[in-house]
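These notes concern the structure reproduced below.
Number of protein chains: 2
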Amino acid sequence: MAKDFSDLKVCIFDVFGTVVDWRGSLIEDLPKLGRKHGLDTDWTSFADDWRGLYQPQMGRVRKGDLPWTRIDDLHKEAFEMLLQKRGLKHPGEEAVWEFTHLWHKLRPWPDSVEGIGLMKKKYVVATLSNGNVALLINMAKNAGIPWDHCFSGETFHHYKPDPEAYLGVVDSMYLKPHQVMLVAAHNGDLAAAQKCGLSTGFVHRPLEHGPGQTRDLKAEGNWDAVGSSIVEVAKKIGC
Amino acid sequence: MAKDFSDLKVCIFDVFGTVVDWRGSLIEDLPKLGRKHGLDTDWTSFADDWRGLYQPQMGRVRKGDLPWTRIDDLHKEAFEMLLQKRGLKHPGEEAVWEFTHLWHKLRPWPDSVEGIGLMKKKYVVATLSNGNVALLINMAKNAGIPWDHCFSGETFHHYKPDPEAYLGVVDSMYLKPHQVMLVAAHNGDLAAAQKCGLSTGFVHRPLEHGPGQTRDLKAEGNWDAVGSSIVEVAKKIGC
Chain V
8 MAKDFSDLKV CIFDVFGTVV DWRGSLIEDL PKLGRKHGLD TDWTSFADDW RGLYQPQMGR
68 VRKGDLPWTR IDDLHKEAFE MLLQKRGLKH PGEEAVWEFT HLWHKLRPWP DSVEGIGLMK
128 KKYVVATLSN GNVALLINMA KNAGIPWDHC FSGETFHHYK PDPEAYLGVV DSMYLKPHQV
188 MLVAAHNGDL AAAQKCGLST GFVHRPLEHG PGQTRDLKAE GNWDAVGSSI VEVAKKIGC
Chain H
8 MAKDFSDLKV CIFDVFGTVV DWRGSLIEDL PKLGRKHGLD TDWTSFADDW RGLYQPQMGR
68 VRKGDLPWTR IDDLHKEAFE MLLQKRGLKH PGEEAVWEFT HLWHKLRPWP DSVEGIGLMK
128 KKYVVATLSN GNVALLINMA KNAGIPWDHC FSGETFHHYK PDPEAYLGVV DSMYLKPHQV
188 MLVAAHNGDL AAAQKCGLST GFVHRPLEHG PGQTRDLKAE GNWDAVGSSI VEVAKKIGC
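Chain order of the listed sequences is V and H.
For the first sequence, this note's numbering gives the first residue as 8, with consecutive numbering after it.
For the second sequence, this note's numbering gives the first residue as 8, with consecutive numbering after it.
Written as structure tokens, this is what we have:
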């Protein structure tokens with residue numbers, strides 16, 4: 008039996024990996040910026056290592072070891088940790104911010120802008136990303152992603168998968184949890200949202216981590232909609 | 008000498024009165040909803056009285072007499088206060104929410120969508136309204152206003168003219184105050200933003216309060232851009 012989405016009002020999206028190809032974008036942009044600032048390293052492994060520090064850096068905030076800190080600042084610090092680890096020279100504050108802002112310029116997967124545009128006709132479409140608000144706004148402008156609004160961990164001072172992030176959107180929109188759907192390429196994110204009562208949409212992104220990807224290769228939960236693109240998920244929820 | 012806006016990045020807008028015609032919209036919509044729910048009164052004066060309770064209701068939050076409360080809830084309570092004052096029967100919770108949601112459906116002034124669209128090509132365009140986030144998102148969808156983002160008093164748990172609201176946007180965007188311009192039809196709002204170092208744009212809205220309007224009939228401060236429409240302000244800041 009087809010699921011009933013007649014009560015659905017808002018679709019919120021995970022962004023890194025689900026909407027934009029962080030790895031492909033960084034692997035393309037890092038060497039160029041490296042040349043500009045006289046830094047040479049294996050930028051593909053650098054991109055993976057940088058992303059590898061994302062969860063541990065947020066973990067420090069989630070555990071209370073750090074006060075609330077935005078992703079731009081966590082990305083900047085992680086970049087500097089990797090410079091040091093690789094014995095690379097610090098290129099100065101301004102250059103480090105230029106590298107950090109590569110995350111503001113990540114490119115969407117080929118189906119993202121069309122799929123979100125389709126959903127926008129019927130639902131409120133918004134981010135719910137751990138990326139901070141400035142990053143999400145700048146990325147959307149750069150990539151032409153037509154969000155109605157950018158919800159962020161910053162909005163609620165809680166990083167996903169803390170329930171405060173998912174339930175913060177529900178509360179702010181005066182809705183019931185099932186009237187909000189999280190769309191994500193990560194089973195863990197969807198599981199946390201489902202535990203809060205939200206609806207769930209899984210998008211296959213088998214190349215997010217490159218050709219050797221081992222996780223999130225398939226839907227591992229009882230998600231309400233599953234598709235190989237955001238366009239396919241949009242069609243499954245009646246757009 | 009022409010002012011220099013080369014450093015400007017973000018234009019944030021007051022919404023009620025500046026972007027949308029709250030009075031004209033309410034005067035058109037209230038009688039229809041009144042008939043539906045069997046309520047009869049002078050709806051023009053009702054609209055003015057409802058708006059009249061806006062500042063006092065927020066004042067209770069700003070003074071700390073009420074904990075943080077969103078405008079939807081303050082509007083709903085004010086509506087119920089007016090029902091009682093006018094000896095009208097309470098039409099039930101659901102109907103009262105229907106009246107409250109008329110604020111989600113306010114229509115833009117004729118130049119608003121075009122002017123904001125013009126600015127969006129060059130700057131980040133966002134609200135900074137005391138209206139709550141759900142209200143602002145729903146209004147934008149209904150009216151076709153192409154915001155990049157909805158900043159609200161709700162975002163910072165402070166109502167304008169508290170400095171925390173203006174400086175909250177500056178901080179969230181990692182900018183300096185003068186890189187953010189508040190666009191508003193209200194001299195008091197602009198004065199508070201200017202005191203925080205923000206740039207300022209004044210839009211003439213001489214009919215916001217109807218034909219007998221006595222305040223905000225002209226620019227009363229040294230604002231950076233002044234126009235009779237948002238389109239005119241957009242042109243003055245290089246769009």
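Don't be surprised by glycine CBs; every beta carbon is placed ideally from N, CA and C.
- Message: Taking the straight line between their C-alpha atoms, what separation do you get for H/H156 and H/K225?
- Response: 29 Å
- Message: Alpha carbons only, please: which of V/Q186, V/P153, V/H165, V/K148 is nearest the one belonging to V/E121?
- Response: V/P153
- With distances taken between CB atoms, is the gap from H/K148 to V/V131 smaller than 8 Å? yes
- Go to H/A192, then tell me how far its alpha helix (DSSP H) extends in each direction, as first and last residue. Per DSSP, H/A192 belongs to no alpha helix (DSSP H) and is neither H nor E.
- Query: Would H/M180 count as contacting chain V if we go by Cβ distances under 8 Å?
  - Reply: yes
- Item | Inter-residue CB distance, V/G175 and V/K167 (contact presumed, cutoff 8 Å) | No, V/G175 and V/K167 are not in contact; Cβ-Cβ is about 10 Å, not under 8 Å.
- Message: Looking only at its chain, what residues have a beta carbon closer than 8 Å to the beta carbon of V/L37, apart from the 5 residues adjacent to it on each side?
- Response: W50, F53, A54, F106, L109
- Task: Could you tell me whether the Cβ of V/C246 comes closer than 8 Å to any Cβ of chain H?
- Result: no
- Contacts that V/I319 makes with chain H (C-beta to C-beta distance below 8 Å): Within the shown structure, residues of chain V are numbered from 8 to 246, placing residue 319 of chain V beyond reach of any answer.
- H/T25 beta carbon less than 8 Å from that of H/V140: no
- Under 8 Å from the C-beta of V/T162: neighbouring residues of chain H: T162
- Outcome for H/H193 when other beta-carbon atoms lying within 10 angstroms are tallied against a minimum of 16: buried
- Could you tell me if H/K127 is buried or exposed, where buried requires 16 or more neighbouring beta carbons within 10 angstroms of its beta carbon? buried
- Along the chain, which unbroken stretches of the alpha helix (DSSP H) at least 4 residues long are found entirely within the region 63-112 of chain V? 78-92, 100-107
- Query: Hey, how far is the Cα of H/K163 from the Cα of V/P213?
  - Reply: Residue identity differs from the one stated: residue 163 of chain H is Phe in this sequence, not Lys. Spanning the two alpha carbons is a distance of roughly 38 Å.
- Query: Any idea what DSSP makes of V/S13, helix, strand or coil?
  - Reply: coil
- Item | Runs of alpha helix (DSSP H) lying entirely within the region 121-204 of chain V, each at least 4 residues, in chain order | 140-150, 160-163, 170-179, 194-202
- Where V/V27 falls: helix, strand or coil (DSSP): strand
- From V/Y173, V/G151, V/A241, residue whose alpha carbon lies closest to that of V/F158: V/Y173
- Message: If I measure Cβ to Cβ from H/M196 and keep anything under 8 Å in the same chain, skipping five residues before and after, which residues do I get?
- Response: What sits at residue 196 of chain H in the sequence shown is Asp, not Met. Here the set comprises D21, K167, P168, L189.
- Item | Limits of the unbroken alpha helix (DSSP H) element including H/V233 | First-last for H/V233: 232-234, but that is the beta strand (DSSP E), not the alpha helix (DSSP H).
- Task: Please classify H/S119: is it buried, with 16 or more other beta-carbons within 10 angstroms of its beta-carbon, or exposed?
- Result: buried
- Query: CB H/L125 to CB H/S136, shorter than 8 Å?
  - Reply: no
- Query: What number of angstroms, rounded off, separates the C-alpha of V/R67 from the C-alpha of V/T48?
  - Reply: 27 Å
- Query: Applying a beta-carbon distance threshold of less than 8 Å, which residues of chain V neighbour H/D79?
  - Reply: Y181
- Task: Inspect the beta-carbon positions of V/F23 and V/G208 and report whether they are closer than 8 Å.
- Result: no
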